[in-house]
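Participant: Plus 1 on top of the position in the sequence shown (first one is 1) and you've got our numbering.
Here it is, the structure, as structure tokens.
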Amino acid sequence: ISVERFQSLTNPEKLLSISFFEDEAAIDRWRNTAAHRSVQSKSRAEIFADYHLRICHVIRDYGMFDRAQAPQDSQHL
């Protein structure tokens, strides 16, 4: 659904990429495309010295002004 990338202010070689997918099947489809596999192989060889993946489910998604999913005890802060 979306991808955002961030670069550390204190270590420019450190990147954070946040990707959102519809479901686990969408992750599997993306991961197994020929284009992704090609970029993945090149990135491992030429760009990244190391990387770490963490696959998560979003429990709540809210912000300062969109409070619909905020916990009840945080609604009026």
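Heads up, the beta-carbon is just placed ideally off N, CA and C, and yes, glycines get one too.
Pull the bridge partners of VAL59 from the DSSP assignment, please.
Facilitator: Bridge partners of VAL59: none, in fact.
Participant: Residues in the same chain with beta-carbon distance under 8 Å from PRO72, minus the five sequence neighbours each way, listed in chain order, please.
Facilitator: If we look at PRO72 and ignore the five residues flanking it on each side, its Cβ neighbours are ARG61.
Participant: Name the two residues that bound the continuous beta strand (DSSP E) containing GLU47.
Facilitator: No beta strand (DSSP E) holds GLU47; the alpha helix (DSSP H) holding it covers 35-47.
Participant: Are ARG6 and SER18 closer than 8 Å when you measure CB to CB?
Facilitator: Their beta carbons are under 8 Å apart, which means ARG6 touches SER18 by this criterion.
Participant: Enumerate in chain order the residues of its own chain whose CB-to-CB distance from HIS58 is below 6 Å, with the five nearest sequence positions on each side excluded.
Facilitator: Correct list: empty, nothing qualifies.
Participant: Using only CA atoms, which one of GLN76, PHE49 and LEU54 lies nearest to PRO13?
Facilitator: It is PHE49 whose Cα lies nearest to the Cα of PRO13.
Participant: Assign GLN76 to one of three DSSP states: helix, strand, or coil.
Facilitator: Note: GLN76 maps to coil in three-state DSSP.
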